[in-house]
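Protein chains in written order, with the numbering used here: chain A, 1 to 233; chain B, 234 to 493.
All residues carry an ideal CB built from backbone N, CA and C; glycine is no exception.
Data first, discussion second: the structure below is written as structure tokens.
The following block contains the structure:
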């Protein structure tokens, strides 16, 4: 599905990604973890074409994505910050995003599950942070692509919504999709992900299942195991 | 691009600031016409105001809109759309809504005061056209500066400095140079120096049309003798067009290479 070869990216003097190689062939939920500034966002953004790498190659479904845009029709993306044009109504925003990509499918169901019916006619600046995040999730999950990228999906969600989010992720996974997640909530990561990709200083430092990480760190606590990885440096 | 433009425009058309801007021009138009009741004089006064004010407001609106929609832009960038079209769509949304505020805000009072029966209608139309061109130019320059500066304070400062330079400081330097070098033939220099600044250029264009360019002193006289009214207008319009096109090209170029 995704093949990244020798990816390099520098911001000023800061070498954020250095010769990063990553291959994700199978479907499932992959958590991309790492301390602040380890290159998680840059990696995701390079894949989406938001960042332009200095060198290297990124392939999605066997084709290079650099300088292209059509492949993004096959990617569902949840940005970290849910901020939208304040004077548009929620349903206008939904219409706009549907206008931009034609493959909307399950939005009615998600609106109902998140309880967004009453917000549809409100303007976006009148909504709370949690509601905006639900809209953000709606805009991501209402399409049908092969790859889903979620940047901090749990931010601001109440427990009920978080439970539904996990359900959504599992349903999409069962459809055979690949899902990449970054999150700082380790409990969420442990519960939802099949495989971890741990980045440190622009390299992939560890890759494996949550279980194998715990064995390596000789602890039963997932958070401790992640901390163990960070200390190794 | 048209879809982005459409929604940017709807968003702005509901913004409080668009209405404040519109209301300002409505008030300005009515007050000026009420005070001197002469369309011709009203046009000159309004020209002096919009030539300074339109660039300022367009610059501020452009920078603010760009920074305010940065997070949403990121979401749009992850959609299957060609990058430059997102920014051009947003830019056109801002520039068009500013131009509409200007045209409606000044047009309504002038129409009520009997513009359509007056000979001043062409002068007035040119004024609105130039005001709109200035909106496009300065919104474009603002977008360019904002795209090149992720630090909002820096972006804002550069944009304001650019306005201050073109609207005020430039004329000061120009004038000083004319005085210092008065012993030399300065026609060509004055001509070029005027054409290079879109604000000066707009002023000259309106004054040429009003046929009172002699009032503008040296530059106006040079411009008039250089080309007479029609070719002069063509050159000046061409320059104004270039001033609109260059920032748009800048948006295209930068949006292809920028990291978000």
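Inset, instruction - Alpha carbon to alpha carbon, how far is residue 112 of chain A from residue 288 of chain B? Give it in angstroms, no decimals. - result: The alpha-carbon separation between residue 288 of chain B and residue 112 of chain A amounts to approximately 47 angstroms.
Legend entry - Cross-chain neighbours of residue 313 of chain B in chain A, by beta carbon under 9 angstroms: Chain order gives the chain A residues near residue 313 of chain B as 69, 70, 71, 72, 73, 74, 75, 100, 101, where near means a beta carbon separation below 9 angstroms.
Legend entry - Selected residue, minimal CA-CA separation from residue 241 of chain B, among B:319, B:363, B:384, B:291: Ranking B:319, B:363, B:384, B:291 by Cα distance to residue 241 of chain B puts B:319 first.
Inset, instruction - Between the Cα of residue 30 of chain A and those of A:116, A:179, A:83, A:54, spot the shortest distance and give me the residue it belongs to. - result: Comparing C-alpha distances from residue 30 of chain A to each of A:116, A:179, A:83, A:54 shows the shortest one belongs to A:179.
Inset, instruction - Return the residue from the list B:358, B:406, B:279, B:325 that minimises the CA-CA distance to residue 299 of chain B. - result: Comparing alpha carbon positions, the residue from B:358, B:406, B:279, B:325 closest to residue 299 of chain B is B:325.
Inset, instruction - Put residue 12 of chain A into one of helix, strand or coil per three-state DSSP. - result: Looking at residue 12 of chain A - three-state DSSP - the assignment turns out to be coil, as it is neither helix nor strand.
Inset, instruction - Within its chain, find whatever has a CB closer than 7 angstroms to the CB of residue 220 of chain A; leave out the 5 residues flanking it on each side and keep chain order. - result: If we look at residue 220 of chain A and ignore the five residues flanking it on each side, its Cβ neighbours are 214.
Legend entry - Pair within 8 angstroms by beta-carbon distance, residue 434 of chain B and residue 473 of chain B: Contact: yes.
Legend entry - Test: residue 48 of chain A CB closer than 8 angstroms to a CB of chain B: Yes, residue 48 of chain A lies at the interface with chain B (some Cβ there is under 8 angstroms from its Cβ).
Inset, instruction - Check the Cβ-Cβ distances between residue 57 of chain A and every residue of chain B, and say whether any is below 8 angstroms. - result: Closer than 8 angstroms: no.
Inset, instruction - Please compile the residues from chain A whose C-beta is within a distance smaller than 8 angstroms of the C-beta of residue 305 of chain B. - result: Here the neighbours are 83, 84, 85.
Inset, instruction - Using a cut-off of 8 angstroms between C-beta atoms, extract the partners of residue 310 of chain B located in chain A. - result: Those within 8 angstroms of residue 310 of chain B in chain A are 48, 49, 50.
Legend entry - Spatial distance of residue 508 of chain B from residue 281 of chain B (CA atoms): As displayed, chain B neither begins before 234 nor continues past 493, which places residue 508 of chain B out of reach and without an answer.
Legend entry - Three-state secondary structure assigned by DSSP to residue 185 of chain A: It is coil, neither helix nor strand.
Legend entry - For residue 21 of chain A, three-class secondary structure by DSSP: Residue state for residue 21 of chain A is assigned as strand, using DSSP reduced to three classes.
Inset, instruction - Kindly identify the DSSP beta-bridge partner or partners of residue 164 of chain A. - result: Answer is none; residue 164 of chain A lacks a bridge partner.
Inset, instruction - Please go through the same chain and pick out, in chain order, the residues whose beta-carbon is closer than 6 angstroms to the beta-carbon of residue 88 of chain A, but skip the five residues on each side of it. - result: Answer for residue 88 of chain A: 124, listed in chain order.
Legend entry - Chain-ordered residues of the region 19 to 50 of chain A with a beta carbon less than 8 angstroms from chain B: Here the close residues are 45, 48, 49, 50.
Inset, instruction - Answer with yes or no whether the minimum CB distance from residue 487 of chain B to chain A is below 8 angstroms. - result: Among the residues facing chain A, residue 487 of chain B is not included, as its CB has no counterpart in that chain under 8 angstroms away.
Inset, instruction - Just the chain B side, please: which residues come within less than 7 angstroms of residue 88 of chain A by C-beta, in chain order? - result: Neighbours of residue 88 of chain A on chain B, chain order: 240, 243, 244.
Inset, instruction - Run the proximity test for residue 143 of chain A: is its beta-carbon closer than 7 angstroms to any non-hydrogen atom belonging to the ligand NAD? - result: Among the components of this structure there are no ligands whatsoever, and the ligand NAD is therefore not found.
Legend entry - DSSP three-state assignment for residue 197 of chain A, whether helix, strand or coil: In the displayed model, residue 197 of chain A falls within a strand according to three-state DSSP.
Legend entry - Validate contact between the region 152 to 170 of chain A and the region 195 to 202 of chain A using beta carbons, cut 8 angstroms, 3 pairs: No: the two stretches stay apart, fewer than three of their Cβ pairs being nearer than 8 angstroms.
Inset, instruction - Return the first residue and the last residue of the alpha helix (DSSP H) that residue 158 of chain A is part of. - result: Run containing residue 158 of chain A: none; DSSP gives neither H nor E here.
Legend entry - Expected contact under 8 angstroms - CB spacing of residue 443 of chain B and residue 277 of chain B to nearest Å: Correct: roughly 7 angstroms between the Cβ atoms.
Legend entry - Under the three-state DSSP convention, the category residue 77 of chain A falls into: Per DSSP, reduced to three states, the secondary structure at residue 77 of chain A is strand.
Inset, instruction - Would you tell me roughly how many angstroms separate the C-alpha atoms of residue 290 of chain B and residue 248 of chain B, rounded to the nearest one? - result: If I take the Cα positions, the gap works out to 15 angstroms.
Inset, instruction - Helix, strand or coil for residue 314 of chain B, going by three-state DSSP, please let me know. - result: Coil at residue 314 of chain B, not helix or strand.
Inset, instruction - Could you tell me if residue 333 of chain B is buried or exposed, where buried requires 16 or more neighbouring beta carbons within 10 angstroms of its beta carbon? - result: It is buried - the Cβ of residue 333 of chain B has at least 16 other Cβ atoms within 10 Å.
Inset, instruction - Decide if residue 464 of chain B is buried, meaning its Cβ has at least 16 other Cβ atoms within 10 Å, or exposed. - result: With fewer than 16 other Cβ atoms within 10 Å, it is exposed.
Legend entry - Cβ-based contacts, 9 angstroms cut-off: residues of the region 150 to 170 of chain A near chain B: Result list empty, no residue passes.
Inset, instruction - For residue 5 of chain A, write down the residues that DSSP places opposite it in a beta bridge. - result: Per the DSSP secondary-structure output, residue 5 of chain A pairs in a beta bridge with A:57.
Legend entry - Under 7 angstroms from the C-beta of residue 186 of chain A: neighbouring residues of chain E: No chain E appears in the structure shown, which is made up of the protein chains A and B.
Inset, instruction - Could you tell me whether the Cβ atoms of residue 93 of chain A and residue 84 of chain A are closer together than 8 angstroms? - result: Result yes, Cβ atoms of residue 93 of chain A and residue 84 of chain A sit closer than 8 angstroms.
Legend entry - Any chain B beta carbon closer than 8 angstroms to residue 210 of chain A: Closer than 8 angstroms: no.
Inset, instruction - Compare the beta carbon distance of residue 388 of chain B and residue 400 of chain B with 8 angstroms and say whether it is the shorter of the two. - result: Going by C-beta atoms, residue 388 of chain B is not nearer than 8 angstroms to residue 400 of chain B.
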